[in-house]
Amino acid sequence: MKNLMLIVLVLFITIDTVHPCRCTSELSPVCSTRGKTFRNSCYLFCAGGHTLACR
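Sequence positions in the sequence shown follow mature numbering (1 follows the signal peptide of the UniProt record, and there is no 0) and run -20 to -1, 1 to 35.
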């Protein structure tokens, strides 16, 4: 039983670190200072980028 609890705990930790942000699929493109375009500001923030106006 302890092994099962440990496995479940590890799975929850792993899943949370793989997708730490939960963004909507709203299409409102923003550009990062590195020149990459993101679907919206949430995706940009989750990637650790800084906003720059798209042209």
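Idealized CB from N, CA, C, for every residue including glycine.
Three-state secondary structure (DSSP) at residue i?
{"i": "G1", "result": "In the sequence on display, residue 1 carries Cys and not Gly. Note: C1 maps to coil in three-state DSSP."}
{"i": "S8", "result": "coil"}
{"i": "M(-16)", "result": "helix"}
Ignore the nearest five residues each way along the sequence and tell me which others in residue i's own chain have a CB closer than 6 Å to its CB.
{"i": "C1", "result": "C26"}
Do you know how far the Cα of residue j is from the Cα of residue i?
{"i": "S5", "j": "S21", "result": "11 Å"}
{"i": "K16", "j": "S8", "result": "14 Å"}
{"i": "G28", "j": "V(-13)", "result": "29 Å"}
{"i": "V(-11)", "j": "M(-20)", "result": "14 Å"}
{"i": "R14", "j": "L(-15)", "result": "40 Å"}
Looking at the strands, I want to know which residues DSSP matches up with residue i.
{"i": "T17", "result": "C11"}
Under a CB-based cut-off of 8 Å, is residue i close to chain C?
{"i": "G29", "result": "The structure shown has no chain C; it contains just one protein chain."}
Leaving aside the five residues before and after residue i along the sequence, list all residues of the same chain whose C-beta is less than 7 Å from its C-beta, in chain order.
{"i": "L24", "result": "V10, S12, F18 and T31"}
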